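Okay, so here's the structure we're looking at.
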Amino acid sequence: MVTIQLHGTTRQITINAMIDSGATEDFIDKVFCSKYNIRTTQAKTIREVYLADGRPSAMGPITHTAKVPMDIGSHRELAIFQVAKLPNHEVILGIPWLKQHSPRIDWGQGKITFESERCTTWCLKESLTVYAIPEDEAREENLKVEFGVAQSKKDQRVKVKKLDPQAKIPTRGSTQAAGHDLYANASKMILARGQEVVQTGISITPLRGSYSRIAPRSGIAVKHLVAVNAGVIDSDYTGEIKVVHSTWATKTITSKTEIE
Ligand SMILES: [Zn+2]
Numbered sequence: 007m008v009t010i011q012l013h014g015t016t017r018q019i020t021i022n023a024m025i026d027s028g029a030t031e032d033f034i035d036k037v038f039c040s041k042y043n044i045r046t047t048q049a050k051t052i053r054e055v056y057l058a059d060g061r062p063s064a065m066g067p068i069t070h071t072a073k074v075p076m077d078i079g080s081h082r083e084l085a086i087f088q089v090a091k092l093p094n095h096e097v098i099l100g101i102p103w104l105k106q107h108s109p110r111i112d113w114g115q116g117k118i119t120f121e122s123e124r125c126t127t128w129c130l131k132e133s134l135t136v137y138a139i140p141e142d143e144a145r146e147e148n149l150k151v152e153f154g155v156a157q158s159k160k161d162q163r164v165k166v167k168k169l170d171p172q173a174k175i176p177t178r179g180s181t182q183a184a185g186h187d188l189y190a191n192a193s194k195m196i197l198a199r200g201q202e203v204v205q206t207g208i209s210i211t212p213l214r215g216s217y218s219r220i221a222p223r224s225g226i227a228v229k230h231l232v233a234v235n236a237g238v239i240d241s242d243y244t245g246e247i248k249v250v251h252s253t254w255a256t257k258t259i260t261s262k263t264e265i266e
C-alpha cells in the first residue's frame, strides 16, 4: 500500500491507499468522505459495480464521485474517485489510475516510480520514486488515523448540566487556565477550623476513561486558609458536584461571597 495525502475542503488527510490492478475503478469510501469533509458530487448516471462472476458488488451502486487533490510523495494530481462502501479500505487506486499514470511498480522492493510522459510533464514536483508499505502495517496506521479522529471529536469535552436553574456554569479564567472555576450555588458558613460541604448545583460527565478533580485555587488557599478535601469525581458519577471545604482559619467564612 502507498501513503497518500488528500486535500479535503477543510483539512489535509494522510492515509494509506491500496493499489489494486484488479479494481475496475478508483474508489474512495463513502463514510471516509463525510468524516473528512471530502466533497462528493452526484454522478450523472447511477452505476452498479459487478464482481468477477457478474453479481452486483456489496460496494453498492455508485451515485457520487469525489474530485480531490491527491499527493503521493512529490506526485500531485487531481484524482477522481467513485464513492463506494469499502469495507476494508479507505482508498483504492485501480485500473483507471494505473492506466492514467502508468507508474513502474517494483512489487518486490515496494517501489513506485512515476516516469511516464504525463507524470514528468504534469504531476511531478521532484523525486520520481515513492516506497510502498506492507499492507498490515498500512491498515494499522489507517485504523489509528480513523480512531484518533473519532476519539477527539466525541470524547474531548466534559459535559455540564445545571441541576438548579440558579447554578452558575464553570468558567475558565483564561485560555491557558489548567481548569475551570467552580461556583458555590448557595451561601454556606464554614466554621473556624471546620469543614463543610458546599453545593455547586451542577453535575458533569467527565471524559471516558478519566476522572475529574476539584483542586483549591491558590488565592483562596493563601487568603482564607481554605483547602479542598476529597475532590476526585469518577467518570460514572452523575450526581451533583459538591466541594468539601475545610479551613484552618480561626474565623468563620462564607462560601458564596468569600471563596466561591
Ligand atoms: Zn502522474
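Numbering (this note's numbering), first residue to last: 7 to 266.
Each residue gets a CB set at the ideal place from its N, CA and C atoms; glycine is no exception.
If you're wondering where the values come from, they're calculated on a predicted model, not measured in any experiment.
Given a cut-off of 8 Å, decide if Ile-34 and Phe-87 are closer than it, judged by their beta-carbon atoms.
Between Phe-87 and Ile-34, the CB-CB gap stays under 8 Å.
Could you pull the start and end residues of the alpha helix (DSSP H) that Phe-38 belongs to?
Phe-38 -> alpha helix (DSSP H) spans 36-41.
Using CA atoms only, rank isn't needed, just tell me which of Gly-28, Pro-212 and Ser-63 is closest to Gly-245.
The shortest Cα separation from Gly-245 among Gly-28, Pro-212 and Ser-63 belongs to Pro-212.
By DSSP, does Ala-227 sit in helix, in strand, or in coil?
Residue state, collapsed to three classes: helix.
CA nearest to the CA of Ala-236, picked from Val-89, Arg-219 and Val-228:
When each option's Cα is compared against that of Ala-236, the closest is Arg-219.
If you draw a straight line from the alpha carbon of Arg-82 to that of Leu-57, how long is it in whole angstroms?
Their Cα atoms are separated by approximately 31 Å.
So for Pro-102, helix, strand or coil by DSSP?
For Pro-102, the secondary structure class from DSSP, reduced to helix, strand or coil, is helix.
Closest to Gly-207 by CA distance: which of Pro-171, Ala-138 and Pro-102 is it?
The shortest Cα separation from Gly-207 among Pro-171, Ala-138 and Pro-102 belongs to Pro-171.
Lys-167 - DSSP class collapsed to helix/strand/coil
Here Lys-167 sits in strand by DSSP.
Kindly indicate the opening and closing residues of the beta strand (DSSP E) around Glu-83.
Start and end: 81-90.
Residue range of the beta strand (DSSP E) that includes Glu-202:
Counting along the chain, the beta strand (DSSP E) containing Glu-202 begins and ends at 201-205.
I want to know whether the segment 18-33 touches the segment 97-115 - three or more CB-CB distances under 8 Å.
Counting Cβ pairs under 8 Å, three or more are found: they touch.
One or two residues paired with Lys-73 in a DSSP bridge
Lys-73 pairs with Ile-86.
Pairing CB atoms from the segment 54-72 with CB atoms from the segment 129-137, are three or more of them under 8 Å?
Counting Cβ pairs under 8 Å, fewer than three are found: no touch.
Assuming Met-65 and Leu-12 form a contact by the criterion Cβ under 8 Å, report the distance between their Cβ atoms to the nearest whole angstrom.
Going by Cβ atoms, the distance from Met-65 to Leu-12 rounds to 19 Å, so no, they are not a contact pair.
So for Leu-149, helix, strand or coil by DSSP?
Assignment of Leu-149 by DSSP, reduced to helix, strand and coil, places it in the helix class.
Taking Thr-127 as part of the beta strand (DSSP E), name the residues at either end of that continuous run.
Run containing Thr-127: none; DSSP gives neither H nor E here.
I'd like the list of long-range same chain contacts for Glu-266, defined as Cβ closer than 7 Å, with 5 residues on each side in sequence excluded.
No answer about Glu-266 holds up, because its pLDDT of 48 lies below 50 and its placement is not dependable.
Range of the contiguous beta strand (DSSP E) that encloses Leu-12
Leu-12 -> beta strand (DSSP E) spans 8-13.
Using a strict less-than 6 Å threshold between each residue's beta carbon and the heavy atoms of ligand 1, what residues do you get?
Spelled out in chain order, the answer is His-81, Glu-83, His-107, Phe-120, Arg-124, Cys-125 and Cys-129.
Considering only the alpha carbon of each residue, which of Asn-22, Thr-16 and Val-8 lies closest to Glu-152?
Comparing Cα-Cα distances from Glu-152 to each of Asn-22, Thr-16 and Val-8, the minimum goes to Asn-22.
Name the two residues that bound the continuous beta strand (DSSP E) containing Asn-22.
Element bounds for Asn-22: 18-25.
Looking only at its own chain, which residues have a Cβ that is under 6 Å from the Cβ of Ile-139, when we skip the five neighbours before and after it?
Within the same chain, Cβ atoms closer than 6 Å to the Cβ of Ile-139 are found at Met-7, the five residues on either side in sequence being excluded.
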